[in-house]
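Input: a single structure, listed below in structure tokens.
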Amino acid sequence: MNKLLATAVLAAMMTNPVLATEKVLHIYNWSDYIAEDTIKQFEAKTGIKVTYDVYDSNEVLEAKMLAGSSGYDVVVPTSDFLQRQIAAGVYAKLDKSKLPNLKNMDPELMKAAANYDPGNAHAVIYMWGTTGIGYNIKAVAKRLGDKAPIDSWSLIFDPANAAKLKDCGISFLDASTEMIPAAMNYLGLDPRSTKKADLEKGAALLEKIRPFVRYFHSSQYISDLANGDICVAVGWSGDVFQARDRAAEAKKGIEIGYSIPKEGALQWFDMLAIPVDSKHKDAAHAFINFMMDAKITAENTNFVWYANANKASMPMVEQEIKDDPGIFPTATVKARLWGAKVYTKRTDRIITRLWTKVKTGK
Ligand code: SPD
């Protein structure tokens, strides 16, 4: 710790006895999802020492949460996973008296998130986004021509197109609850359907495409798209924009685009929540409140390229980000987005089995 930071930490501890007793905080967040100095700023402001771990899959987080005693104080489940984890008693109710920055949040988006957590009792929105298609503009045009259907899931779900893109590399998210519904949507089925037959049809399409898919992974595609090691990725909006940014910085002529397919796409909310067995709940509230600070939120959105739900932050969000319909979709595009279905254990089992078959053929 440098001298300046140490002094700030000491000052914060001396002026706030509550913080002095809550000196540590264990955070578990998605990878590539926070600005470089956010944690440092929080530590300097509060005197709380943070340990920060990352994951790239809701299933991984869920396994830890359901097992209990994770040791984490703040985690970031996506809204649909949050709902069933709340039902399993995994999260503490928020003490809103410790979250004055809630006033910064957009009431409409918080209302949408309340569909998964009535009254926003257990969580607040960190960021939100869509699951769409990231692509290397030149590599795709070279193989499919200028009329490549980059605005459609047919870019990758039509086997003829996927076959032509195989050599430059297609990656799929390793996220069954997003990939199977996307395939169902492409087939004209309700992506929120839990009918076994519909889920099977979605999975069957993905199985047909699997020979053309280089890998299933939920974070590697950022650097691979940026470096030109793959040319198409089903990915999360901000991650694809991060790839675009890295590619532009590398100046190797790689240009990345992000498309929300015209057939529709998943819209999701990632939520800040406190595990019920957290040992540092005051510090956890202090962190969540800090993350809702307008300036901190704007810095995070400007760094990770994800939309936030913090109205007060918007004047500080870069114009380029605010104006990008891939990040903040237009009303017309929004009308085509669907919210994730919360699956029962039975549906979960069906999806898990189908997903194993999609990935391994068995
Ligand atoms: N790199 C950060 C990725 C965050 C993605 N959140 C997952 C949303 C799942 N629907």
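For the sequence shown, position 100 matches number 318 in the working numbering, and the numbering has no gaps at all.
Note that CB positions come from ideal geometry on N, CA and C, so glycine has one too.
Hey, G350 and Y433 are a contact pair by Cβ (cut 8 Å); roughly how many whole angstroms apart?
-> In the sequence shown, the residue the question calls residue 350 occupies position 132. In the sequence shown, the residue the question calls residue 433 occupies position 215. With 8 Å as the limit, G350 and Y433 do not qualify as a contact, their Cβ atoms being about 18 Å apart.
Flag Y251 as yes when its Cβ comes closer than 7 Å to any non-hydrogen atom of the ligand SPD, and as no otherwise.
-> Residue 251 sits at position 33 when you count from the first residue of the sequence shown. Yes, the ligand SPD has a heavy atom inside 7 Å of this Cβ.
Ignoring anything shorter than 4 residues or poking outside the stretch 294 to 341, list the alpha helix (DSSP H) runs there in chain order.
-> 297 to 305 and 325 to 332
Can you tell me the Cα-Cα spacing of T565 and T395, whole angstroms?
-> Mapped onto the sequence shown, residue 565 falls at position 347. Mapped onto the sequence shown, residue 395 falls at position 177. Computed Cα separation, rounded: 10 Å.
Roughly how many whole angstroms lie between the Cα atoms of A504 and F375?
-> What you label residue 504 is simply residue 286 of the sequence shown in a count that begins at 1. What you label residue 375 is simply residue 157 of the sequence shown in a count that begins at 1. Answer to the nearest angstrom: the Cα atoms are 45 Å apart.
Taking A330 as the reference, give the member of A558, T562, S288 and A400 with the closest Cα.
-> Within the sequence shown, numbered from 1, the residue matching residue 330 stands at position 112. It is A558 whose Cα lies nearest to the Cα of A330.
Please confirm whether any heavy atom of the ligand SPD lies closer than 7 Å to the CB of N403.
-> Locating residue 403 in the sequence shown gives position 185, where the first residue counts as 1. Not so, every heavy atom of the ligand SPD lies at least 7 Å from the Cβ.
For N276, is the beta carbon positioned less than 7 Å from some heavy atom of the ligand SPD?
-> In the sequence shown, counting from the first residue as 1, residue 276 sits at position 58. The answer is yes for N276.
Should T296 be counted as a contact of the ligand SPD given a C-beta to heavy atom distance under 7 Å?
-> Counting from one through the sequence shown, the residue named residue 296 turns up at place 78. True, at least one ligand heavy atom lies under 7 Å from that Cβ.
Could you spell out where the alpha helix (DSSP H) holding K426 opens and where it closes?
-> Start at 1 with the first residue of the sequence shown, and residue 426 comes out as number 208. Residues K414 to I427.
Helix, strand or coil for V431, going by three-state DSSP, please let me know.
-> Indexing the sequence shown from 1 puts residue 431 at position 213. Looking at V431 - three-state DSSP - the assignment turns out to be coil, as it is neither helix nor strand.
Would you mind giving the Cβ-Cβ distance between A381 and F430, rounded to the nearest angstrom? I have them listed as a contact below 8 Å.
-> Position 163 of the sequence shown, counting from 1, holds the residue named residue 381. Position 212 of the sequence shown, counting from 1, holds the residue named residue 430. About 6 Å separates the two Cβ atoms, so the contact holds.
Who pairs with V452 in a beta bridge, going by DSSP?
-> Sequence index remark: in the sequence shown, residue 452 carries index 234 (1-based). DSSP lists I351 as the bridge partner or partners of V452.
For the stretch 244 to 251 and the stretch 260 to 274, state whether three or more C-beta atom pairs, one from each stretch, are separated by less than 8 Å.
-> yes
Can you check DSSP and say which residues form a bridge with F487?
-> Within the sequence shown, residue 487 is the residue found at index 269, counting from 1. Paired residues: W346.
So, helix, strand or coil for Y439, using DSSP?
-> Taking the sequence shown and counting its residues from 1, the one referred to as residue 439 is at position 221. Helix at Y439.
Just the C-alpha distance for K267 and D255, rounded to the nearest angstrom, thanks.
-> Position 49 of the sequence shown, counted from the first residue, corresponds to residue 267. Position 37 of the sequence shown, counted from the first residue, corresponds to residue 255. Rounded to whole angstroms, the gap between the alpha carbons of K267 and D255 is 14 Å.
With hydrogens ignored, establish whether the beta-carbon of T349 is closer than 7 Å to any heavy atom of the ligand SPD.
-> Sequence index remark: in the sequence shown, residue 349 carries index 131 (1-based). Judged by the Cβ position, T349 qualifies as a neighbour of the ligand SPD at the 7 Å threshold, a heavy atom of the ligand being closer than this.
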